[in-house]
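Let me begin by presenting the structure, written as C-alpha coordinates, before commenting on it.
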Amino acid sequence: MEMTCKALALRLRGLVVFRGLLRQPLIARLLALLEAGADGEPPRALVDAWGSFAATLFAETTNWTDALLELVLEDENCYLTQHCTPAGAPEPLRQCLDEELRFLGMLSQYTGADLRERLGPQGDFLPGWQTRPADLAAAYAQRLSDLGRTGYGIFARYRAFTVEEGQLMPVQHPDRQCLAELPGYERERRQILANTRALLAGQPAANVLLYGDAGTGKSSTVKAIAHEYAPEGLRLVEVKKNQLYQIPELMDSLAANPLKFILFIDDLSFTANDDNFAALKAILEGSVGGRARNLAVYATSNRRHLIKETMSDREGDDIHHADTMQELMSLSARFGLTVTFARPDKARYLEIVRQLAAQNGLALPSDELERRAEAFALRCGGRSPRAARQFVELLRAGVPL
126 MEMTCKALAL RLRGLVVFRG LLRQPLIARL LALLEAGADG EPPRALVDAW
176 GSFAATLFAE TTNWTDALLE LVLEDENCYL TQHCTPAGAP EPLRQCLDEE
226 LRFLGMLSQY TGADLRERLG PQGDFLPGWQ TRPADLAAAY AQRLSDLGRT
276 GYGIFARYRA FTVEEGQLMP VQHPDRQCLA ELPGYERERR QILANTRALL
326 AGQPAANVLL YGDAGTGKSS TVKAIAHEYA PEGLRLVEVK KNQLYQIPEL
376 MDSLAANPLK FILFIDDLSF TANDDNFAAL KAILEGSVGG RARNLAVYAT
426 SNRRHLIKET MSDREGDDIH HADTMQELMS LSARFGLTVT FARPDKARYL
476 EIVRQLAAQN GLALPSDELE RRAEAFALRC GGRSPRAARQ FVELLRAGVP
526 L
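For the sequence shown, the numbering used here begins at 126 and goes up steadily by one.
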(Lines of atoms letter the chains of each structure in order from A and count residues from 1; the text may use other names and numbers.)
(Lines give C-alpha, C1' and ligand atoms only; values in the text may rest on other atoms or scores of the structure.)
Protein backbone atom coordinates (compact mmCIF):
# COMPACT_ATOMS: atom_id res chain seq x y z
CA MET A 1 0.00 0.00 0.00
CA GLU A 2 1.35 3.42 -0.96
CA MET A 3 2.31 5.59 2.00
CA THR A 4 1.36 9.23 2.33
CA CYS A 5 3.90 12.06 2.48
CA LYS A 6 3.38 12.33 6.20
CA ALA A 7 3.90 8.59 6.78
CA LEU A 8 7.02 8.54 4.60
CA ALA A 9 8.50 11.53 6.41
CA LEU A 10 7.81 10.07 9.85
CA ARG A 11 9.26 6.70 8.87
CA LEU A 12 12.33 8.37 7.39
CA ARG A 13 12.92 10.31 10.59
CA GLY A 14 12.68 7.08 12.58
CA LEU A 15 15.59 5.32 10.85
CA VAL A 16 17.97 3.61 13.26
CA VAL A 17 20.41 1.41 11.33
CA PHE A 18 20.46 3.79 8.37
CA ARG A 19 20.22 6.96 10.43
CA GLY A 20 23.36 8.27 8.76
CA LEU A 21 21.34 8.68 5.56
CA LEU A 22 19.64 11.70 7.11
CA ARG A 23 22.99 13.53 6.93
CA GLN A 24 23.15 13.02 3.18
CA PRO A 25 22.09 16.19 1.30
CA LEU A 26 19.87 14.26 -1.10
CA ILE A 27 17.93 12.53 1.70
CA ALA A 28 17.70 15.75 3.72
CA ARG A 29 16.13 17.50 0.72
CA LEU A 30 13.72 14.61 0.13
CA LEU A 31 12.67 14.79 3.77
CA ALA A 32 12.09 18.54 3.42
CA LEU A 33 9.95 17.88 0.35
CA LEU A 34 7.88 15.19 2.08
CA GLU A 35 7.32 17.36 5.15
CA ALA A 36 6.37 20.34 3.00
CA GLY A 37 3.72 18.15 1.43
CA ALA A 38 2.61 16.68 4.75
CA ASP A 39 2.29 20.06 6.48
CA GLY A 40 0.16 21.59 3.74
CA GLU A 41 2.71 24.25 2.88
CA PRO A 42 1.65 26.80 0.24
CA PRO A 43 2.50 25.96 -3.38
CA ARG A 44 5.52 28.27 -3.41
CA ALA A 45 7.22 26.41 -0.52
CA LEU A 46 6.33 23.03 -2.00
CA VAL A 47 7.67 23.97 -5.43
CA ASP A 48 10.88 25.28 -3.84
CA ALA A 49 11.38 22.00 -1.93
CA TRP A 50 10.73 20.02 -5.13
CA GLY A 51 13.29 22.04 -7.06
CA SER A 52 15.90 21.67 -4.31
CA PHE A 53 15.51 17.89 -4.22
CA ALA A 54 15.50 17.51 -8.01
CA ALA A 55 18.58 19.74 -8.42
CA THR A 56 20.53 17.67 -5.88
CA LEU A 57 19.44 14.42 -7.52
CA PHE A 58 20.14 15.55 -11.09
CA ALA A 59 23.67 16.65 -10.15
CA GLU A 60 24.53 12.93 -10.06
CA THR A 61 21.76 11.02 -11.86
CA THR A 62 18.13 11.32 -12.95
CA ASN A 63 17.19 7.96 -11.41
CA TRP A 64 16.06 8.23 -7.80
CA THR A 65 16.15 4.45 -7.26
CA ASP A 66 19.80 4.24 -8.31
CA ALA A 67 20.75 7.22 -6.15
CA LEU A 68 19.11 5.80 -3.02
CA LEU A 69 20.53 2.32 -3.64
CA GLU A 70 24.07 3.71 -3.84
CA LEU A 71 23.63 5.64 -0.59
CA VAL A 72 22.22 2.57 1.17
CA LEU A 73 25.01 0.27 -0.03
CA GLU A 74 27.77 2.69 0.98
CA ASP A 75 26.32 3.71 4.34
CA GLU A 76 28.53 3.06 7.36
CA ASN A 77 26.18 2.02 10.14
CA CYS A 78 25.86 0.23 13.48
CA TYR A 79 24.78 -3.04 11.86
CA LEU A 80 27.91 -3.26 9.70
CA THR A 81 30.32 -2.56 12.53
CA GLN A 82 28.76 -5.33 14.62
CA HIS A 83 28.34 -7.67 11.66
CA CYS A 84 32.11 -7.56 11.13
CA THR A 85 32.88 -8.68 14.69
CA PRO A 86 33.33 -12.38 15.59
CA ALA A 87 30.01 -12.38 17.48
CA GLY A 88 28.11 -10.79 14.61
CA ALA A 89 25.10 -8.47 14.86
CA PRO A 90 22.45 -9.35 17.48
CA GLU A 91 19.01 -10.51 16.34
CA PRO A 92 17.10 -7.30 17.24
CA LEU A 93 19.52 -5.30 15.11
CA ARG A 94 19.11 -7.71 12.21
CA GLN A 95 15.34 -7.41 12.43
CA CYS A 96 15.65 -3.63 12.45
CA LEU A 97 17.85 -3.84 9.34
CA ASP A 98 15.31 -6.01 7.51
CA GLU A 99 12.43 -3.66 8.35
CA GLU A 100 14.32 -0.55 7.28
CA LEU A 101 15.40 -2.17 4.00
CA ARG A 102 11.73 -2.94 3.25
CA PHE A 103 10.83 0.70 3.89
CA LEU A 104 13.74 2.04 1.85
CA GLY A 105 12.77 -0.28 -1.00
CA MET A 106 9.32 1.31 -0.96
CA LEU A 107 10.84 4.79 -0.76
CA SER A 108 13.05 4.04 -3.79
CA GLN A 109 9.88 3.91 -5.93
CA TYR A 110 8.57 7.31 -4.84
CA THR A 111 7.76 9.57 -7.81
CA GLY A 112 6.09 12.53 -6.10
CA ALA A 113 2.83 11.83 -7.98
CA ASP A 114 0.75 12.74 -4.91
CA LEU A 115 2.39 16.14 -4.68
CA ARG A 116 1.93 16.77 -8.39
CA GLU A 117 -1.74 15.96 -8.02
CA ARG A 118 -2.04 18.40 -5.15
CA LEU A 119 -0.31 21.19 -7.07
CA GLY A 120 -2.43 20.59 -10.15
CA PRO A 121 -1.65 22.71 -13.22
CA GLN A 122 0.65 24.92 -11.11
CA GLY A 123 3.17 22.08 -10.98
CA ASP A 124 3.11 21.02 -14.62
CA PHE A 125 6.48 22.64 -15.24
CA LEU A 126 8.27 20.69 -12.49
CA PRO A 127 10.70 18.03 -13.76
CA GLY A 128 10.08 14.43 -12.85
CA TRP A 129 12.68 11.82 -11.97
CA GLN A 130 13.06 8.21 -12.99
CA THR A 131 12.63 5.09 -10.89
CA ARG A 132 13.11 1.42 -11.65
CA PRO A 133 12.26 -1.89 -9.98
CA ALA A 134 14.92 -2.81 -7.42
CA ASP A 135 15.28 -5.25 -4.55
CA LEU A 136 17.24 -3.30 -1.94
CA ALA A 137 17.24 -6.19 0.51
CA ALA A 138 18.82 -8.57 -2.01
CA ALA A 139 21.35 -5.93 -3.09
CA TYR A 140 22.30 -5.30 0.53
CA ALA A 141 22.66 -9.01 1.25
CA GLN A 142 25.02 -9.26 -1.74
CA ARG A 143 27.00 -6.28 -0.45
CA LEU A 144 27.35 -7.94 2.97
CA SER A 145 28.78 -11.05 1.33
CA ASP A 146 31.25 -8.90 -0.65
CA LEU A 147 32.42 -6.64 2.20
CA GLY A 148 35.94 -8.09 2.01
CA ARG A 149 36.27 -6.63 -1.50
CA THR A 150 33.98 -3.61 -1.56
CA GLY A 151 34.11 -2.31 2.00
CA TYR A 152 31.59 0.20 3.29
CA GLY A 153 31.36 3.90 4.01
CA ILE A 154 34.30 5.93 2.75
CA PHE A 155 36.19 2.69 2.03
CA ALA A 156 33.59 1.77 -0.58
CA ARG A 157 33.88 5.14 -2.31
CA TYR A 158 37.63 5.73 -2.09
CA ARG A 159 40.73 3.57 -2.40
CA ALA A 160 43.52 5.80 -1.11
CA PHE A 161 43.72 7.87 2.06
CA THR A 162 45.96 10.27 3.95
CA VAL A 163 45.96 11.06 7.67
CA GLU A 164 45.01 14.47 9.04
CA GLU A 165 44.87 15.02 12.80
CA GLY A 166 44.55 11.29 13.38
CA GLN A 167 41.61 10.90 10.98
CA LEU A 168 41.56 9.23 7.58
CA MET A 169 40.96 11.62 4.71
CA PRO A 170 40.11 10.20 1.27
CA VAL A 171 42.28 11.10 -1.72
CA GLN A 172 39.87 12.41 -4.32
CA HIS A 173 42.19 11.88 -7.29
CA PRO A 174 44.78 9.19 -6.48
CA ASP A 175 47.80 8.42 -8.63
CA ARG A 176 46.54 5.55 -10.80
CA GLN A 177 49.86 3.84 -11.49
CA CYS A 178 49.67 0.51 -13.32
CA LEU A 179 52.18 -2.30 -12.93
CA ALA A 180 52.21 -2.85 -16.69
CA GLU A 181 53.50 0.71 -17.10
CA LEU A 182 56.50 0.09 -14.82
CA PRO A 183 58.85 -2.15 -16.80
CA GLY A 184 62.28 -3.29 -15.78
CA TYR A 185 61.92 -4.38 -12.14
CA GLU A 186 59.60 -7.38 -12.44
CA ARG A 187 61.88 -9.63 -10.37
CA GLU A 188 62.01 -7.18 -7.47
CA ARG A 189 58.24 -6.69 -7.55
CA ARG A 190 57.55 -10.43 -7.55
CA GLN A 191 58.32 -10.70 -3.84
CA ILE A 192 56.19 -7.67 -2.95
CA LEU A 193 53.29 -8.96 -5.04
CA ALA A 194 53.45 -12.35 -3.34
CA ASN A 195 53.46 -10.67 0.07
CA THR A 196 50.47 -8.51 -0.92
CA ARG A 197 48.50 -11.53 -2.12
CA ALA A 198 49.18 -13.20 1.23
CA LEU A 199 47.79 -10.12 2.99
CA LEU A 200 44.65 -10.24 0.83
CA ALA A 201 44.21 -13.94 1.55
CA GLY A 202 44.32 -13.33 5.31
CA GLN A 203 47.66 -15.13 5.64
CA PRO A 204 50.66 -13.78 7.60
CA ALA A 205 52.20 -10.94 5.60
CA ALA A 206 55.49 -9.16 6.25
CA ASN A 207 56.13 -5.47 6.63
CA VAL A 208 58.13 -4.43 3.56
CA LEU A 209 61.05 -2.04 3.13
CA LEU A 210 61.71 -0.96 -0.47
CA TYR A 211 65.27 0.28 -0.42
CA GLY A 212 67.31 1.69 -3.28
CA ASP A 213 68.48 4.60 -5.39
CA ALA A 214 66.26 7.56 -6.15
CA GLY A 215 64.06 7.27 -9.22
CA THR A 216 64.04 3.48 -9.37
CA GLY A 217 60.26 3.17 -8.89
CA LYS A 218 59.90 2.27 -5.22
CA SER A 219 56.98 4.59 -4.50
CA SER A 220 55.43 3.91 -7.90
CA THR A 221 55.53 0.18 -7.14
CA VAL A 222 53.53 0.60 -3.91
CA LYS A 223 50.97 2.86 -5.59
CA ALA A 224 50.64 0.52 -8.58
CA ILE A 225 50.13 -2.53 -6.35
CA ALA A 226 47.47 -0.68 -4.36
CA HIS A 227 45.71 0.30 -7.58
CA GLU A 228 45.99 -3.20 -9.05
CA TYR A 229 44.47 -4.95 -6.03
CA ALA A 230 41.90 -2.33 -4.99
CA PRO A 231 39.04 -4.35 -6.57
CA GLU A 232 40.07 -7.27 -4.34
CA GLY A 233 39.74 -5.23 -1.16
CA LEU A 234 43.11 -3.48 -0.77
CA ARG A 235 43.26 0.13 0.44
CA LEU A 236 46.29 2.44 0.72
CA VAL A 237 46.84 4.77 3.68
CA GLU A 238 49.78 7.16 3.29
CA VAL A 239 51.34 8.23 6.58
CA LYS A 240 53.96 10.94 7.01
CA LYS A 241 56.94 10.34 9.26
CA ASN A 242 55.80 12.96 11.76
CA GLN A 243 52.44 11.15 12.05
CA LEU A 244 53.90 7.84 13.19
CA TYR A 245 52.75 8.37 16.77
CA GLN A 246 49.17 8.34 15.46
CA ILE A 247 49.48 4.93 13.80
CA PRO A 248 48.69 2.67 16.80
CA GLU A 249 45.28 4.28 17.26
CA LEU A 250 44.71 4.16 13.50
CA MET A 251 45.65 0.47 13.42
CA ASP A 252 43.15 -0.25 16.17
CA SER A 253 40.39 1.49 14.22
CA LEU A 254 41.15 -0.58 11.10
CA ALA A 255 41.61 -3.94 12.81
CA ALA A 256 37.96 -4.99 12.57
CA ASN A 257 37.50 -3.66 9.04
CA PRO A 258 36.85 -6.44 6.48
CA LEU A 259 39.24 -4.82 3.99
CA LYS A 260 43.04 -5.09 3.87
CA PHE A 261 45.31 -2.07 4.28
CA ILE A 262 48.82 -0.99 3.34
CA LEU A 263 50.20 1.74 5.60
CA PHE A 264 52.56 3.53 3.21
CA ILE A 265 55.51 5.56 4.53
CA ASP A 266 57.44 7.20 1.71
CA ASP A 267 61.08 8.31 1.79
CA LEU A 268 61.72 7.08 5.32
CA SER A 269 64.84 8.11 7.21
CA PHE A 270 65.66 9.31 10.71
CA THR A 271 68.21 11.44 12.47
CA ALA A 272 69.73 10.52 15.81
CA ASN A 273 67.43 11.05 18.81
CA ASP A 274 64.39 11.22 16.53
CA ASP A 275 61.27 10.39 18.58
CA ASN A 276 59.62 8.89 15.49
CA PHE A 277 62.34 6.23 15.39
CA ALA A 278 61.07 4.56 18.57
CA ALA A 279 57.46 5.01 17.46
CA LEU A 280 58.01 3.05 14.23
CA LYS A 281 59.98 0.34 16.03
CA ALA A 282 57.01 -0.27 18.33
CA ILE A 283 54.62 -0.33 15.38
CA LEU A 284 56.64 -2.87 13.40
CA GLU A 285 57.35 -5.18 16.32
CA GLY A 286 57.64 -5.06 20.06
CA SER A 287 54.48 -3.32 21.29
CA VAL A 288 52.07 -5.12 23.59
CA GLY A 289 49.15 -4.95 21.16
CA GLY A 290 50.21 -7.05 18.11
CA ARG A 291 49.70 -5.98 14.55
CA ALA A 292 46.33 -6.64 12.97
CA ARG A 293 46.22 -9.39 10.33
CA ASN A 294 44.55 -7.09 7.80
CA LEU A 295 47.36 -4.54 7.74
CA ALA A 296 51.00 -4.27 6.66
CA VAL A 297 53.51 -1.42 6.60
CA TYR A 298 55.23 -0.70 3.27
CA ALA A 299 58.01 1.88 3.48
CA THR A 300 60.46 3.27 0.93
CA SER A 301 63.89 4.65 1.69
CA ASN A 302 67.14 5.57 0.00
CA ARG A 303 68.97 4.37 3.14
CA ARG A 304 69.35 0.68 3.94
CA HIS A 305 69.64 1.26 7.68
CA LEU A 306 67.26 4.26 7.77
CA ILE A 307 69.43 6.24 10.20
CA LYS A 308 71.61 9.10 9.02
CA GLU A 309 75.04 8.28 10.45
CA THR A 310 78.15 10.40 10.83
CA MET A 311 81.72 9.22 11.30
CA SER A 312 81.43 10.15 14.97
CA ASP A 313 78.43 7.83 15.21
CA ARG A 314 80.56 4.97 13.92
CA GLU A 315 83.62 5.76 16.05
CA GLY A 316 81.72 7.27 18.98
CA ASP A 317 82.58 7.63 22.62
CA ASP A 318 79.78 5.44 23.93
CA ILE A 319 81.13 2.86 26.37
CA HIS A 320 78.78 0.24 24.95
CA HIS A 321 79.38 1.22 21.35
CA ALA A 322 78.27 -2.14 19.89
CA ASP A 323 74.90 -1.78 21.63
CA THR A 324 74.50 1.72 20.22
CA MET A 325 75.20 0.58 16.64
CA GLN A 326 72.86 -2.39 17.10
CA GLU A 327 70.11 0.02 18.13
CA LEU A 328 70.69 2.17 15.06
CA MET A 329 70.51 -0.83 12.72
CA SER A 330 67.64 -2.62 14.45
CA LEU A 331 64.82 -0.76 12.72
CA SER A 332 65.45 -2.06 9.19
CA ALA A 333 65.73 -5.58 10.61
CA ARG A 334 62.16 -5.29 11.87
CA PHE A 335 60.86 -5.26 8.32
CA GLY A 336 60.23 -8.88 7.45
CA LEU A 337 60.99 -8.29 3.78
CA THR A 338 63.57 -5.90 2.30
CA VAL A 339 63.63 -5.49 -1.48
CA THR A 340 66.48 -3.61 -3.14
CA PHE A 341 65.84 -1.40 -6.17
CA ALA A 342 69.32 -0.78 -7.57
CA ARG A 343 70.12 1.85 -10.18
CA PRO A 344 69.85 0.12 -13.59
CA ASP A 345 72.86 -0.67 -15.70
CA LYS A 346 72.91 0.39 -19.35
CA ALA A 347 71.18 -2.75 -20.65
CA ARG A 348 68.30 -2.56 -18.18
CA TYR A 349 67.90 1.19 -18.67
CA LEU A 350 67.65 0.88 -22.44
CA GLU A 351 65.21 -2.01 -22.14
CA ILE A 352 62.99 0.18 -19.95
CA VAL A 353 63.21 2.95 -22.54
CA ARG A 354 62.25 0.56 -25.37
CA GLN A 355 59.24 -0.79 -23.48
CA LEU A 356 58.01 2.67 -22.51
CA ALA A 357 58.47 3.89 -26.07
CA ALA A 358 56.39 0.96 -27.34
CA GLN A 359 53.66 1.64 -24.76
CA ASN A 360 53.51 5.26 -25.92
CA GLY A 361 53.48 4.44 -29.62
CA LEU A 362 56.84 6.03 -30.42
CA ALA A 363 58.34 4.71 -33.63
CA LEU A 364 62.01 5.69 -33.68
CA PRO A 365 64.88 3.62 -35.05
CA SER A 366 66.32 1.57 -32.20
CA ASP A 367 69.84 3.00 -32.46
CA GLU A 368 68.56 6.59 -32.49
CA LEU A 369 66.24 5.94 -29.53
CA GLU A 370 69.07 4.42 -27.49
CA ARG A 371 71.56 7.15 -28.37
CA ARG A 372 69.19 9.93 -27.40
CA ALA A 373 68.10 8.09 -24.24
CA GLU A 374 71.71 7.71 -23.11
CA ALA A 375 72.41 11.39 -23.75
CA PHE A 376 69.30 12.35 -21.78
CA ALA A 377 70.38 10.18 -18.83
CA LEU A 378 73.77 11.86 -18.74
CA ARG A 379 72.13 15.28 -18.60
CA CYS A 380 69.77 14.10 -15.84
CA GLY A 381 72.49 12.78 -13.56
CA GLY A 382 72.38 9.10 -14.43
CA ARG A 383 70.25 6.20 -15.61
CA SER A 384 67.01 5.45 -13.78
CA PRO A 385 63.43 4.41 -14.58
CA ARG A 386 62.40 7.98 -13.75
CA ALA A 387 64.83 9.36 -16.33
CA ALA A 388 63.55 6.82 -18.88
CA ARG A 389 59.94 7.86 -18.28
CA GLN A 390 60.76 11.56 -18.47
CA PHE A 391 62.66 11.00 -21.71
CA VAL A 392 59.77 9.13 -23.34
CA GLU A 393 57.17 11.64 -22.14
CA LEU A 394 59.18 14.53 -23.57
CA LEU A 395 59.61 12.70 -26.87
CA ARG A 396 55.87 12.04 -27.02
CA ALA A 397 55.16 15.71 -26.33
CA GLY A 398 57.45 16.70 -29.22
CA VAL A 399 59.96 18.53 -27.06
CA PRO A 400 63.30 18.73 -28.87
CA LEU A 401 65.98 16.79 -27.01
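Built from N, CA and C at the ideal position, the CB exists for glycine as well. Fair warning: this is a prediction, and the values are worked out from it, not measured in the lab.
Helix, strand or coil at A259 according to DSSP, with G and I counted as helix: coil
Straight-line gap, L503 to Q149 (C-alpha atoms, nearest Å): 55 Å
Whole-Å CB distance - E495 paired with L475, under 8 Å assumed: 5 Å
DSSP-derived helix/strand/coil call for N188: strand
C-alpha gap between T186 and A179, whole angstroms: 10 Å
Alpha helix (DSSP H) segment containing T206, residue limits: 203–208
9 Å Cβ cutoff met for Y235 and W189: yes
Beta carbon of F386 nearer than 9 Å to that of L379: yes
Alpha-carbon to alpha-carbon, E311 and A285: 24 Å
Same chain, Cβ closer than 7 Å to A153, neighbours up to 5 away in sequence not counted: L147
Contact test: L226 Cβ vs the ligand PLP heavy atom, cutoff 8 Å: Absence of the ligand PLP is noted for the structure shown, with no ligands found whatsoever.
Member of A417, P308, L369, L205 whose CA lies at the smallest distance from the CA of T341: P308
Coarse secondary structure for G162, derived from DSSP in three states: helix
Euclidean distance between Cα positions of T449 and A339: Annotation note: pLDDT 45 at T449 (below 50); position unreliable, no value reported.
Reference P360, options K343, D377, N419, closest by Cα: Note on identity: in this sequence residue 360 is Arg, with Pro being the wrong assignment. Looking at the Cα atoms, N419 is the closest of the given residues.
Rounded distance between the beta-carbons of V347 and F389, thought under 8 Å: 5 Å
Outcome for F183 when other beta-carbon atoms lying within 10 angstroms are tallied against a minimum of 16: exposed
Straight-line Cα distance separating A262 from S345: 40 Å
C-beta contact flag for A259 and L198 at 9 Å: no
Span separating the alpha-carbon of R144 from that of G248: 31 Å
The beta strand (DSSP E) enclosing F143, as first and last residue numbers: Per DSSP, F143 belongs to no beta strand (DSSP E) and is neither H nor E.
Span separating the alpha-carbon of Y283 from that of Q297: 7 Å
Element boundaries [beta strand (DSSP E), containing T287]: 285–289
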